[in-house]
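All remarks here apply to the structure that follows.
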Amino acid sequence: MTIFDKISGFAQKAKDNALSRAVLAKDKRLDKSMSESIQAAHIGLLKMATYGVSGTVSAVAFDPVAGLLAVGGGFEQDTFIRLFGRGISAELVLNNPTRIKYLQFKIGYPILVAVDMKNVITTYDLKTKRAKHVVTTPSIITALEYCSGTDWLFVGFSDGNVDVFDITKGRFSEEYGIPDLLIEDTTRSNQQQESTKTSSLVVALQMHPTDLSLILIGYESAVYLWNIREQSIKKRFSIQSSQLTCLAWSPCGNRFMAGYDDGYMRLWDTRSDHKPVLARRAFHASPSTSPSSDPCEPIYRMVWYVDDTSKRSFLVVAGGSDLPDIRGLHIMEFDIESDQRDARRQTILSTSVDVSDFILLSRDPYFLGMQNPLGLLVVGCDGAIRAYGLGHGYPQLTLPSALQFLDPPVSDAYHFTQLPESTFQRINAIDQINMPPTHYLPLTGGVAGKGHVYRLDSNDLLITIHAHRIIHIWDASYTSLRPLTHLTIDCIQDIQDSKAKITQVEFDTQSASLFVALDNGTVLQYTHHPPRDSQHQLSQTTQEAFIKNCDNTIEEISELLKDMETEEPVNVEKDDDDHTAEEKTKDETSNNDSIPKQPPTTTTTTEDIAQEQQQQDSEVTPSPSHIPEPIASTPDIQLLEGEINPPCFAPAMQIKFTASVKQMVAAGGDMLAVATSDGKVFVINTLFGRTVYTTDIQAETEQQEDTPKEEDNEEHNQKPKPTNTTASISSIRFYKTYASLESTDPSLQLFVGWDNGFVYQHDINSSDKPPILVSNNSTSAVIDTHVLDMQGVLQVAAATATTTTTANDPEPKEQENQAMESHPSTSTTSPEEENSAVGRKSHESGASWSKDEDGASNKSEKSSGSMGLLRRTTRKLSKPRANKEPAPPLPTEDTSPPSASTIESSGGESATQQSKRAPHSSKWEYRPQPSPHFIVVSTSKSIATVLSGYNIRLFTAHLHDIDGCNNEDTIIHSQVMMVQNVGACLAVVLQSGVIIYYSLPHLLPIARISLPNELAARDLLENMSLSTDGRIVAWTGLCELEQYLSLLQNSISCGEDVMLFDPGRRIPPHPTATMTTTQKPKKSWLESVQGAFQKGPFTVAELDELMGKKPILGASNKATKSTEERPSNAEGSGSGLGGVFQELSQKMNERGEKLDQLQNKFEDMSAQSGDFLKAVREYNERQARKKWWEF
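Residue numbers for the sequence shown follow numbering that gives the first Met the number 0, beginning at 0 and rising by one.
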């Protein structure tokens, strides 16, 4: 940069500062802060909700007693374990971020066991949601089996050993362990060591469904039936030709099914270990003479369950198919009563992907959970979960919303907040009669505390884009997300290009229309169709609004006609005839086409009144150098028709552009603006399917470079010019604000931001007006543009009321009068610049008046869109008067600022002296607006506040001026946030994960906070969303979003208070305990003698004693009473005199129970002895009746 450039830059800054100071001195309202009541101490991050999960699923577990589902998965920093209950979910605090391999509940207790890929066993306390015990293992864990109703977890290792883990104490048993049975069996049978060359890997473990003393231990080469009580091998089942992969006990307990890597299932009888009872494949497509030679996938997993209603048993098998296209589970039906070996029937439960694992959603914690299960939970190879019921057709069950983010995987999300109540109710309306029933996953566990908030006080929607071009819509007012499944959109049927992908989604909050942009330059419009019972009411509302708009248009046309009749005749007949002929030609051209061509480009340059009058006398058509050529490419708009089944989103329109869609924004009232990658912007009226406005930034750039040489060179050099080589659109926004200096009422404006720092304001209601260059004085890319009033309310196009006034605030007209009285309108242009200001062009700032608008009255427009087109046509019938006073030009960046002497003289002049000035002089005068608007332009390096309508830059903030920011920091997001009844501020997000809050409109830093470090480190900030009420929605994982509240002064109720374990749910006693306590039928003396030599059923107490767990006196009573809530517990019932009496009562109860058992035994013995004596008496009587010859 040369010294001359530096000097010119300083001069430009001085000129801008002088102009802004002059305006602020004349209107004190502009200098009032909106953020003075916002406290920096109340700015932070408060977590409100979590959507989705942070990664794919690798392990699942289900507790039928607690009614909880545990899901684990993810990679590295995304590793997670989340538990789901009835309407609640909670995530555990992991001790080690390693991918989860196994999950297992201690059923009926608040303990969850997790095994990660590093073979570390961690037990988690569900009450505290934190790790309780962490145990490292000496070998690779390959199998787990939990003995329900006990504390013991059997762990199989790759070295062939099986150890027993105490879940409660978090340690392995020191007194019991199962060695490598392959080596033990070889040693016992005195076989050669060569036979043990096969791997000793423990493949599968499974407890007997009814006998605690039996467990199946499967190795690759053999299956052993191990007796836990006797610590010995009971049976050995082996096949030499194939390797074992999985096991499953049959419901009867005498047989089990074994799966092998050759795709065969073999049914073994525990009473015969010579050969299997049955050998078959899970699925064989075509019969073959040698089926063993056909390739087949291995059997991965098998589960057997019983349906008591149908008196059938079913075997569920994963794998074993010889066709690669078959994905799902094979379900085989067996008969319980008859001893039928093969299946009676076989079906396939098809899934969209291959099955990685599955579990039974058990109803009963005992008998391996095979008694009347609730359904099947399937983990796919894509890491997603799918649940199915076991009824007819195996209906798919609806999962919790967080798990639905995985099927199919979510790729992007859009958060729309604070929707109008009418639109929100319309979206949530459902047809209670015709809607199909929804089957939910049977999760009944968990308890929500008093501080838990289910629903936010805001009408929010979350729209997620998934793979395979599927769009899901959620009611985001619920913290756990309520799925609106009836509104799911499958775009595959509407997309002609099979490779096209969804790039952006926009939702019109007024018309409830959804716009979907594809990467091939196509935009699809989906309109919402409410239920049939509410369509009549909505149609009446639409008709009333249409009639009201028509009445307003007719009134405006009549007023314009009256103005035309009262105007004095002037010598403009020739201009009128030429103008009328030109309009007729345009109308005829537009009527010949089915889809009208777009109007001329909005970059048309206009002159001031004096220069325009000279051009009209000489030539009607404007100079080609002032008007660029119209855009040749016009979007192809097609109406779509299809079957509509309300409530739903149905395709209504397809818009094809010649280039890919870069950005898209809806204005409400059926107006859509689309920016394409070739630098063009199209505004489309979706109600009529017509392009109502177009602009080409390349043409605007060329026109900027073709500025006439007679312009003041010094001022022209001070103004930055865009370059057509790098200029591209970076943001587009719709707002209702002032079009230019002469505007007194806000109208719909389109703000287009470029990546070179330029922001153009387009008046879409006047296509012949040139765009206004917003004075932000920046060369970095425009991030966003915001327009707000003096209360901090964004002037969005869809808002019904753009200004909020309080009881203490004066009316807008009174504000204007007060500002005019205290600061009369004065000129800010020096006399030396008056003549040059008349002929100066104002294309970049849009300061000149349109020649079609000079004679039009400044009445407010009551509608937009197609009605605006009609009004624009009627206004052209009203021609300006010949003696019309020219409007003063708007100050632009090329307008010289007032000198110090001018400001002082203007400030010292009286109102009488100012009123003596000629009204038709070319001096620019500031006239206070009734309700001023601020334009806040955020670029990647700076922020500027500009006065709307006057294009005066009032305040500027640079990022490098903030402490702690360096030259590498850039702004990636910005949003105006408002605290109700307090004030507003501007929040900007840096790429480093820092959020800086600025005051409005002065742009002074208020506070600075930091987002979690992992967000910035993993580039997850680009797609975050900020709302006007201070909420932030950001990606925190692969398929996970989190919502935070940053402005804590907002009274938004939020909080998470979840208890995962419900102490009121208890696991029933083990079946072995009920067998010992129930009254047994009387036996004969022979059966009693035989039973004396047989051992009774193996109980839980005996298992605990065998594993080395010392029995605790009164442990059962203490465990039962600890789960009950008693007031005495708070006072410490375990100590003092009360504790002594309690222990004494427990001992007395134990002795009483033992005496009862002895009494039962004596009764049995007396009954058996009486039977024996009776038998002896009968024998003696028979002997006495015999005769001597009978002996």
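Even for Gly, the Cβ is constructed at its ideal location relative to N, Cα and C.
Under 8 Å between C-beta atoms of residue i and residue j
i, j, result
"I654", "V773", "no"
"S512", "T521", "no"
"N755", "A943", "no"
"W473", "S410", "no"
"D321", "F282", "yes"
"Q403", "P482", "yes"
"V786", "H932", "yes"
"G444", "L67", "yes"
"V305", "I335", "yes"
"G71", "I106", "no"
"L246", "F255", "yes"
"Y175", "L1105", "yes"
"F757", "V664", "no"
"V201", "I214", "no"
"G159", "Y108", "no"
Alpha-carbon to alpha-carbon, residue j and residue i
i, j, result
"G73", "I110", "21 Å"
"D165", "S172", "7 Å"
"L1172", "L1157", "22 Å"
"I140", "L125", "24 Å"
"W1034", "G43", "18 Å"
"G1095", "S212", "11 Å"
"I902", "R926", "Any reading at I902 must be qualified, since the residue scores a pLDDT of 37, below 50, and its modelled position is unreliable; no value is offered."
"T969", "I731", "20 Å"
"I1005", "S1050", "20 Å"
"V446", "T209", "33 Å"
"S355", "P63", "22 Å"
"V680", "T694", "5 Å"
"I994", "D179", "59 Å"
Reference residue i, options the options, closest by Cα
i, options, result
"M47", "N253, S941, Q431 and S1052", "S1052"
"L204", "E144, T955 and T149", "E144"
"I501", "S1165, V981, Q662 and R81", "Q662"
"K128", "R81, D162 and S157", "R81"
"V660", "S727, D77 and A1100", "S727"
"P323", "D306, I347, F79 and C295", "C295"
"Q251", "Y996, I238, R270 and Y259", "The sequence given here places Cys at residue 251; Gln does not occur at that position. Looking at the Cα atoms, R270 is the closest of the given residues."
"Y101", "V161, A113 and N94", "A113"
"C984", "L999, V202 and G54", "L999"
"T346", "Y393, G382 and V354", "Y393"
"S947", "T136, L29 and K12", "L29"
"R326", "R279, V378 and S312", "V378"
"S241", "D783, F656, Y259 and W225", "Y259"
Residue i burial status per 10 Å Cβ neighbour count (16 or more: buried)
i, result
"A1174", "exposed"
"L1154", "exposed"
"D459", "buried"
"F490", "A small fix is needed here, since residue 490 is Cys in this sequence, not Phe. Buried, because 16 or more other Cβ atoms sit within 10 Å of the Cβ of C490."
"N16", "exposed"
"S188", "exposed"
"K735", "buried"
"R531", "exposed"
"E75", "exposed"
"C549", "exposed"
"H959", "exposed"
"C146", "buried"
Residue-chain proximity (residue i, chain D), Cβ-Cβ < 8 Å
i, result
"A278", "Given the protein chain composition of this structure (a single chain), no chain D is represented."
Whole beta strand (DSSP E) elements within the segment 421-495, 3-residue minimum:
The segment 421-495 contains these whole beta strand (DSSP E) runs: 460-465 and 469-474.
Length at least 3, wholly inside the segment 134-214: the beta strand (DSSP E) runs in chain order
Within the segment 134-214, the complete beta strand (DSSP E) runs of at least 3 residues are 140-145, 151-156, 161-165, 170-177 and 201-206.
Restricting to runs no shorter than 3 residues, where is the beta strand (DSSP E) found entirely within the segment 948-996?
Segments of the beta strand (DSSP E) lying fully in the segment 948-996: 951-957, 970-978 and 982-989.
Unbroken stretches of the alpha helix (DSSP H), 4 residues or longer, contained in the segment 351-430:
If we require 4 residues or more, the alpha helix (DSSP H) runs fully inside the segment 351-430 come out as 420-427.
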